[in-house]
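Residue numbers (this note's numbering): 4 to 222.
Ideal Cβ positions, reconstructed from N, Cα and C, are used throughout, including at glycine.
First up is the structure itself, then whatever we jot down about it.
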Ligand code: UTP
């Protein structure tokens with residue numbers, strides 16, 4: 004059993020239903036149980052920014068983000084076979100659904116982190132063999148490559164090293180770093196084998212087939 008963190012920006016991008024169909028096809032064609040945690044993407048960030056500018060507190064902003072991730076999850080679930088109509092909002096329900104279906108899609112759970120952390124917690128809870136994080140970066144870099152031109156991509160790192168790299172990131176609602184700090188801490192404590200890669204349908208297929216792209220986080 005594997006868990007996929009599918010970033011909202013990755014899945015929806017410019018709201019192309021073709022892109023969503025392509026991801027769904029890769030997931031449907033995979034012969035094995037998959038739990039998919041869908042992110043909020045640009046639309047969640049827009050809602051959060053608007054709420055924040057109107058004076059909403061950070062928890063309220065997070066709850067708004069969670070609501071969007073659940074809508075996004077519901078849209079992906081429409082395209083999947085052997086997947087329940089229900090989008091679980093907690094880990095025991097997701098686990099129970101995975102006993103009955105091959106594919107289960109969920110969004111966020113509770114405030115204070117992103118769906119990266121949700122996916123890491125789910126992976127820990129269901130004892131998944133691997134966590135696959137499909138994101139908008141092609142791996143983990145020594146420092147933020149959008150700011151530092153000398154940043155280097157890391158092919159393989161330990162969970163301790165991952166925690167060190169992301170520990171300087173902000174945890175404000177709607178912030179974006181390669182993975183969030185809580186996700187890295189959960190990966191560290193459970194030692195779950197994790198691959199962080201550029202989320203395209205082709206790359207998702209590659210990693211589901213055991214390909215080595217992006218960054219592998221493992222002891
Ligand atoms: P995302 O997981 O989408 O964050 O959650 P992201 O980093 O913007 O990821 P992409 O762009 O989809 O790849 C959106 C927001 O929803 C709240 C947080 O505020 C997060 O920034 N959220 C989400 C939670 O508070 N808890 C959750 O379990 C999930």
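Beta-bridge partners of residue i, as assigned by DSSP
i           : result
residue 109 : 40
residue 219 : 159 and 198
residue 167 : Per DSSP, none; premise fails for residue 167.
residue 138 : 201
residue 32  : For residue 32, which the question treats as bridged, DSSP gives no partner whatsoever.
residue 5   : 37 and 133
residue 143 : 157
Under 8 angstroms between C-beta atoms of residue i and residue j
i           : j           : result
residue 136 : residue 145 : no
residue 98  : residue 30  : no
residue 120 : residue 186 : yes
residue 71  : residue 47  : yes
residue 111 : residue 68  : yes
residue 134 : residue 126 : yes
residue 143 : residue 218 : yes
residue 6   : residue 170 : no
residue 16  : residue 75  : no
residue 124 : residue 94  : yes
Distance between residue j and residue i (C-alpha atoms, nearest Å)
i           : j           : result
residue 177 : residue 41  : Here residue 177 scores only 48 on pLDDT, less than 50, and its place in the model should not be relied on; the value that follows carries that caveat. Roughly 15 angstroms between the two C-alpha positions.
residue 183 : residue 117 : 7 angstroms
residue 168 : residue 9   : 21 angstroms
residue 175 : residue 190 : Residue confidence for residue 175 is low, a pLDDT of 49 falling below 50, so the modelled location carries little weight; the figure read from the coordinates is stated next. Cα to Cα, the separation comes out at about 20 angstroms.
residue 159 : residue 49  : 34 angstroms
residue 173 : residue 115 : Bear in mind that a pLDDT of 48 at residue 173, under 50, signals an unreliable position, so the number given afterwards is only what the model happens to contain. So the two alpha carbons sit approximately 11 angstroms from each other.
residue 59  : residue 66  : 11 angstroms
residue 138 : residue 150 : 18 angstroms
residue 79  : residue 51  : 22 angstroms
residue 55  : residue 202 : 28 angstroms
residue 214 : residue 128 : 25 angstroms
residue 33  : residue 193 : 25 angstroms
residue 108 : residue 53  : 27 angstroms
residue 208 : residue 21  : 16 angstroms
residue 212 : residue 19  : 25 angstroms
residue 152 : residue 210 : 28 angstroms
residue 164 : residue 155 : 14 angstroms
residue 96  : residue 61  : 27 angstroms
Distance between beta carbons of residue j and residue i, contact taken as under 8 angstroms
i           : j           : result
residue 82  : residue 39  : About 11 angstroms; that fails the 8 angstroms criterion.
residue 87  : residue 104 : 5 angstroms
residue 26  : residue 162 : Residue 26 to residue 162, Cβ: 27 angstroms. No contact.
residue 195 : residue 206 : Going by Cβ atoms, the distance from residue 195 to residue 206 rounds to 20 angstroms, so no, they are not a contact pair.
residue 36  : residue 101 : 6 angstroms
residue 197 : residue 220 : 4 angstroms
> Can you list the beta strand (DSSP E) stretches of 3 or more residues lying completely in the segment 72 to 125, in chain order?
Replying inline: Runs found: 106 to 109.
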